[in-house]
Amino acid sequence: MNNASFSFRLSDHLKKEAFSVIEQYGFTPSQVFNLFLTEIANTKSIPLDLSYLKPNAVTLRAMADVEKGDVEIIESSFDINNVMKEILKKSNQE
Numbered sequence: 121m122n123n124a125s126f127s128f129r130l131s132d133h134l135k136k137e138a139f140s141v142i143e144q145y146g147f148t149p150s151q152v153f154n155l156f157l158t159e160i161a162n163t164k165s166i167p168l169d170l171s172y173l174k175p176n177a178v179t180l181r182a183m184a185d186v187e188k189g190d191v192e193i194i195e196s197s198f199d200i201n202n203v204m205k206e207i208l209k210k211s212n213q214e
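Anchor point for the sequence shown: position 3 equals 123 in my numbering, and the numbering is continuous, going up by one each time.
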């Protein structure tokens, strides 16, 4: 099996924190990265909890509005400014 080299950038703080945890488990960073990539290759998925990416109720409602066509299409930045002014005007009246 041929070996390949891979490098990436991360903050010093993240490196210190993560590598400390890795070493507490008795692994080297290289071993953990190999385990992680092997799991991705074997399962064809990322082995992390990405549940925070699930849309909340407000986002789901907005998505439903888009599907129904119940949205206002904004064509330009000028239109965005006008829409924002209207929203501010309405919120100040409440």
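Every residue gets a Cβ at the ideal spot worked out from N, C-alpha and C, and that includes glycine. In this text, all values refer to a predicted model and were calculated from it rather than measured experimentally.
- For residue 195, the closest alpha carbon among the candidates 203, 188 and 189 is that of 203.
- Taking the Cβ atoms as the reference, residue 160 lies roughly 7 Å from residue 167, within the contact range of under 8 Å.
- Counted as a single uninterrupted DSSP element, the alpha helix (DSSP H) harbouring residue 134 occupies residues 132-144.
- In the structure shown, residue 167 adopts coil according to DSSP, grouped into three states.
- Boundaries of the alpha helix (DSSP H) around residue 187: 177-188.
- Under the three-state reduction of DSSP output, residue 204 falls in the helix class.
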